[in-house]
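Let me begin by presenting the structure, written as structure tokens, before commenting on it.
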Amino acid sequence: MDRQHVESELDLEQTLFTEDEILARLREMAAQIEADYEGKDLLLVGVLKGAVMVMADLARSLDRHVEMDWMAISSYGSGTTSSGVVRILKDLDTDLTGRHVLIVEDIIDTGLTLSWLVANLRSRGPASVEIATLLRKPEALQMDVDVTYVGFDIPNAFVVGYGLDYAEQYRNLRCIGTLAPHVYS
Ligand code: PRP
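Per my numbering, numbering through the sequence shown is continuous, rising by one, with the last residue being 1333.
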């Protein structure tokens, strides 16, 4: 879905990143990841559902073998702010013992989800656990999360598109934009 399909409804306040800008940044991140993990096996762990698009494009930008696995955890209610409540809805299929794990996320908002997830995965005996996120909101961070790969730092606004939803909509929008307050107020 392109921006013009929601523009008429005035849903998007502002486009933050076009599809081309997102893909270009993911290619840069992939190059860094290739260099850092040279000679090591790599397991990408995607966090459903928001990270689906990032995972698909980041993984395809990597010119090397990777494995992919998925977790589903709940961190939000149906509203627009983090609740801090985290529970596993779907666990990994992969044994992490001795594995180099790179968590792939669409966004770090308060950091509550990721700090919980990193601790959870580290308790499973991996060789390493690092984080790659396309977006980060520095002003919203409530927990100190060590993020190795960040696509873009963004303002503390409600963003949708490229996997990010509001009430399960807008995930298939190609760009990332801020949602007009009238949509969620
Ligand atoms: C989003 C995002 C992260 C989390 C970040 O997922 O994918 O997992 O919120 O928020 P935090 O830093 O404040 O903890 P969400 O719970 O919206 O689920 P979704 O990926 O299925 O949309």
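Virtual Cβ for every residue (Gly too), placed ideally from N, Cα, C.
For I1256, there is no enclosing alpha helix (DSSP H); the enclosing beta strand (DSSP E) has its first and last residue at 1248-1256. L1327 is the residue among L1327, D1294, D1217 whose C-alpha sits nearest the C-alpha of N1304. Between the ligand PRP and L1192, a heavy atom-to-CB distance of less than 8 Å is absent.
If you look at S1271, you'll find it isn't in any beta strand (DSSP E); DSSP assigns it neither H nor E.
G1246 and G1309 have their C-alpha atoms roughly 35 Å apart.
A Cβ-Cβ contact shorter than 9 Å links M1219 with D1239. Here the C-alpha atom of A1204 lies approximately 20 Å from the C-alpha atom of V1277.
I1181 carries a helical assignment under DSSP once its states are collapsed to helix, strand and coil. Nearest to D1168 by C-alpha distance, out of V1331, I1324, Y1332, is I1324. Shown here, T1245 sits in coil according to DSSP, grouped into three states, outside any helix or strand. Secondary structure note for V1298: its beta strand (DSSP E) is the uninterrupted segment 1297-1301. If you draw a straight line from the Cα of R1212 to the Cα of A1288, it comes to about 34 Å. Taken through DSSP and simplified to helix, strand or coil, D1150 comes out as coil.
Short note on T1326: C-beta not closer than 8 Å to any heavy atom of the ligand PRP. Secondary structure note for A1280: its beta strand (DSSP E) is the uninterrupted segment 1276-1284.
In this structure, the alpha-carbon of D1184 lies about 11 Å from that of H1248.
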